[in-house]
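For what it's worth, the numbering used here labels the leading residue of the sequence shown as -9, then goes sequentially.
We put the CB at the ideal spot given by N, CA and C, even for glycine.
Computed from a predicted model, the values in this text were never measured in an experiment.
Read through the structure below, which is laid out as structure tokens, and then see the notes.
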Amino acid sequence: MYLHSTTWAQLGTLRSLILDDTVTALPLIVGFGGINAAGRSSDHQAFRRLTMDALTSFEKTRTINQLGALTGMGAELSPTDSQAYHILNNTLIRRIHTDWFDPDDVPLHRLGHTKEPISIWLNPLQAPNPLPYGWRIGRKENRQTEYLIEAGDVLKPCTRKLSVQAAGMAPTGFRPDMFYPSRNHPRTLQLALFALSDCWLSSGLNWHQIKQRIAPDQVAVFAGSSIGQM
């Protein structure tokens, strides 16, 4: 069941029905929200981006302006503006943007093996503590200390080019941390909190009324890691 907006009186009646032992309890969806590669899901904005070619001129302009406001490009654009093309080209599945990482230069480590012992010089404060197996302290010069390492496996920093360089990412320019004091929240959590706020807004219910009727532990936000937090 989907209700775009409703009143608290109606919700009270529905609540009574749900609590009635003779009535099967069913989930009631009163709103939805979030962000994906096509834009905001609330008010079917992302759906309109997917069906852009079939929209009327008015709906195309509306969709572009909503995406422009979301990405900081402006909310007064027409479909023929160059910025409008830029906005549309930076949605849906596309080449991974360097805002996240460079798909041609992804850092990684290659595993190798040394046949002879090696030595490295480090500031003692930079050395692992306790020393790994096979490490021993050698000479000391100024503030540097020599560490002698037995033959074994080593990791060499290098980079590689990804074989797959396209993905469905949030619209380029969209920054969820600009909408609330995110501090040090990882991007995945920022996206989840934005989705929760967007969902409440789409329900048509007043947030202050909601807070009076539910406890904090009755609200949950689920955030999972995504590739590159895109």
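{"query": "Rank Glu106, His103, Leu101 and Tyr137 by C-alpha distance to the C-alpha of Asn113 and give the top, closest one.", "result": "Tyr137"}
{"query": "In whole angstroms, what separates the C-alpha of Ser192 from that of Pro147?", "result": "47 Å"}
{"query": "What three-state label does DSSP hand Tyr137 in the structure shown?", "result": "strand"}
{"query": "Have a look at Thr149 and Ile19 and give me their C-alpha separation to the nearest angstrom.", "result": "47 Å"}
{"query": "Sort Glu131, Asp143, Lys105 and Arg133 by Cα distance to Tyr123 and report the nearest one.", "result": "Asp143"}
{"query": "Could you give the C-beta distance for Cys189 and Phe37, rounded to a whole number, given that I count them as a contact under 8 Å?", "result": "Rounded, the Cβ-Cβ distance is 16 Å, inconsistent with contact."}
{"query": "Please state if the CB of Gln180 and the CB of Pro161 are separated by a distance shorter than 7 Å.", "result": "no"}
{"query": "Given that a residue counts as buried once 16 or more other Cβ atoms are within 10 Å of its Cβ, and exposed if not, what is Gln202?", "result": "exposed"}
{"query": "Near Lys50, which residues of its chain fall below 6 Å by C-beta distance, leaving aside the five closest residues on each side in sequence?", "result": "Pro69"}
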